[in-house]
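Right, one structure below, let's go through it.
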Amino acid sequence: EAGVAQSPRYKIIEKRQSVAFWCNPISGHATLYWYQQILGQGPKLLIQFQNNGVVDDSQLPKDRFSAERLKGVDSTLKIQPAKLEDSAVYLCASSSYRGRGTEAFFGQGTRLTVV
Amino acid sequence: ELKVEQNPLFLSMQEGKNYTIYCNYSTTSDRLYWYRQDPGKSLESLFVLLSNGAVKQEGRLMASLDTKARLSTLHITAAVHDLSATYFCAVDFVAAGNKLTFGGGTRVLVKP
């Protein structure tokens, strides 16, 4: 079974520029998550999709971050404009969601450096 | 507030000795996960604990869950160098609904 695919693996941009990340979840997984992991910290949930609908985006900085999941499969996360504090690894995860306790599987992540 | 705290933050281990990582959480949950992360890599699932008193073991690692104490432990038996990594616990809080709140991680370094 193929895992969660993310691209690019690395990205370096200047502050105020825009950037987009892509995620392809495990086939058949209805739930997709984007997490932000700052160096030395645990991942923090940014947004959760169930199929193509948003379940939770309470921690997404909506003035600069946006995300979409077209057709309930692939997802993109965009930052515009980027700030220095956005430097982090952005992890995508997916799960099949059969109730609480369903395991989530993580992609390799995209490491963003804002200079 | 939904909080997950791990301690210690850093653990320097000697090969062959036993150690424990603790994960405390702030409110009701009976779903707890342990993940391992190697430097520059993603999160690898280790254990899924789904009920009070759950205990799971894989090799030198054993995880347990006490929902009354809101505590999970990850016990390492006879540490070996290959276990060097950062370990995260994550909680699926009843109030939050099928999404994970992570602890800050415990960085483990096993020295010969």
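Residue numbers (my numbering), protein chains in the order written: chain Z, 1199 to 1313; chain Y, -10 to 101.
Think of the CB as a built atom: it goes at the ideal place given N, C-alpha and C, for glycine as much as any other residue.
Just so it is clear, the structure is predicted and the values come from calculations on it, not from any experiment.
query: Who are Q(-5) (chain Y)'s beta bridge partners in DSSP?
result: Numbered from 1 along the second sequence, position 6 holds the residue referred to as residue -5 (chain Y). Answer by DSSP bridge pairing, in chain order: Y:C12.
task: Report the rounded CA-to-CA distance for T1308 (chain Z) versus I1210 (chain Z), giving the unit in angstroms.
output: Stepping through the first sequence from its first residue, residue 1308 (chain Z) is reached at position 110. Stepping through the first sequence from its first residue, residue 1210 (chain Z) is reached at position 12. Looking at the two C-alpha atoms, the distance is approximately 10 Å.
task: If I'm right that L21 (chain Y) touches N41 (chain Y) with Cβ under 8 Å, what's the distance once you round it to whole angstroms?
output: As a first step, residue 21 (chain Y) must be located in the second sequence, where it is residue number 32. As a first step, residue 41 (chain Y) must be located in the second sequence, where it is residue number 52. In fact, because the Cβ distance is near 10 Å, the residues do not count as touching under 8 Å.
Inter-residue spacing [alpha-carbon to alpha-carbon] between S18 (chain Y) and T90 (chain Y): Working through the second sequence from its first residue, we reach residue 18 (chain Y) at position 29. Working through the second sequence from its first residue, we reach residue 90 (chain Y) at position 101. Near 11 Å, if we compare the C-alpha coordinates of T90 (chain Y) and S18 (chain Y).
field: Buried or exposed by the 16-neighbour rule on C-beta atoms within 10 Å, applied to Y1231 (chain Z)
entry: Within the first sequence, the letter at position 33 stands for residue 1231 (chain Z). Looking at its Cβ environment, which holds 16 or more other Cβ atoms inside 10 Å, Y1231 (chain Z) is buried.
- prompt: Would the beta-carbon of S34 (chain Y) fall within 9 Å of that of E1266 (chain Z)?
  reply: Translated into the one-based positions of the second sequence, residue 34 (chain Y) becomes position 45. Translated into the one-based positions of the first sequence, residue 1266 (chain Z) becomes position 68. Against a cut-off of 9 Å, the Cβ pair of E1266 (chain Z) and S34 (chain Y) comes out as no contact.
- prompt: Using a C-beta cutoff of 9 Å, does Y24 (chain Y) count as contacting chain Z?
  reply: Numbered from its first residue, the second sequence carries residue 24 (chain Y) at position 35. At least one chain Z Cβ lies under 9 Å of Y24 (chain Y).
query: Going along chain Z in order, which residues have a C-beta closer than 9 Å to the C-beta of K88 (chain Y)?
result: Taking the first residue of the second sequence as position 1, residue 88 (chain Y) is located at position 99. Chain Z residues near K88 (chain Y): T1229, Y1231, L1243, Q1246, V1253, D1254 and A1302.
query: When burial is assigned at 16 or more other CB atoms within 10 Å of the CB, is D27 (chain Y) buried or exposed?
result: One-based indexing of the second sequence puts residue 27 (chain Y) at position 38. It counts as exposed.
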